[in-house]
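Residue numbers (UniProt numbering): 1 to 158.
The beta-carbon is built from N, C-alpha and C at its ideal position, and this holds for glycine as well.
Quick notes on the structure that follows.
Structure, rendered in structure tokens:
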């Protein structure tokens with residue numbers, strides 16, 4: 001087995017650290033801190049994956065489960081299970097359009113809309129922190145990093 005360059009070892013280690021980090025508790029704490037009492041009992045049972053699905057639904061006026069599965073990194077069966085869980089939690093609603101009885105469409109419930117807005121606020125705060133961090137690097141540094149990460153992903157996918 002060939003040895004990995006020390007800088008590449010460091011990058012590999014940081015990528016593994018990034019991948020392994022579970023920010024569920026951090027996100028839930030933020031949501032609870034800003035949530036109305038009526039949804040505070042739902043939040044501890046909402047995962048980051050649930051929030052990703054909620055965000056995708058929130059960003060579309062109408063979306064079918066099939067389209068949702070194409071935009072996230074999960075198979076359609078997994079997306080369907082998550083959607084069903086979110087329907088039971090009263091965060092999503094399934095429906096059929098009058099002109100299309102075959103496809104199942106999704107929309108947020110009132111509680112889903114509240115959680116989507118709180119989650120959006122969380123990302124605004126995180127983005128602000130990233131933008132502040134960005135000041136330490138040149139555009140060229142960031143372009144190089146983005147290119148390296150893209151190539152690493154391509155290696156993993158092939």
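Chain-order list of residues whose beta-carbon lies under 8 Å from that of residue i (same chain, five-residue window excluded)
| i | result |
| --- | --- |
| residue 113 | 58 |
| residue 91 | 42, 46, 50, 54, 108, 109, 111, 112 and 115 |
| residue 79 | 53, 65, 68, 69 and 72 |
| residue 157 | none |
For residue i, the first and last residue of its enclosing alpha helix (DSSP H)
| i | result |
| --- | --- |
| residue 34 | 24 to 34 |
| residue 123 | 110 to 134 |
| residue 13 | 6 to 20 |
| residue 56 | 48 to 58 |
Close Cβ partners of residue i (< 6 Å) along its chain, the five nearest in sequence each way excluded
| i | result |
| --- | --- |
| residue 53 | 82 |
| residue 20 | none |
Straight-line Cα distance separating residue j from residue i
| i | j | result |
| --- | --- | --- |
| residue 64 | residue 135 | 40 Å |
| residue 246 | residue 89 | The shown model of the chain, from 1 to 158, leaves out residue 246, and the question about it has no answer. |
| residue 84 | residue 137 | 43 Å |
| residue 150 | residue 143 | 11 Å |
| residue 22 | residue 124 | 19 Å |
| residue 8 | residue 26 | 29 Å |
| residue 104 | residue 75 | 16 Å |
| residue 118 | residue 5 | 42 Å |
| residue 87 | residue 95 | 11 Å |
| residue 62 | residue 77 | 20 Å |
| residue 12 | residue 154 | 15 Å |
| residue 122 | residue 132 | 16 Å |
| residue 146 | residue 129 | 18 Å |
| residue 15 | residue 97 | 43 Å |
Terminal residues of the beta strand (DSSP E) in which residue i lies
| i | result |
| --- | --- |
| residue 73 | First-last for residue 73: undefined, no H or E at that position. |
| residue 149 | Run containing residue 149: none in the beta strand (DSSP E); it sits in the alpha helix (DSSP H), 139 to 157. |
| residue 93 | 92 to 97 |
Residues of its chain near residue i, where Cβ-Cβ distance is below 7 Å and the 5 sequence neighbours each way are ignored
| i | result |
| --- | --- |
| residue 24 | 47 and 48 |
Report yes or no: do the region 20 to 31 and the region 45 to 57 share at least 3 C-beta pairs separated by less than 8 Å? yes
For the region 33 to 42 against the region 106 to 120, do three or more pairs of beta-carbon atoms, one drawn from each stretch, fall closer than 8 Å, so that the two count as touching? yes
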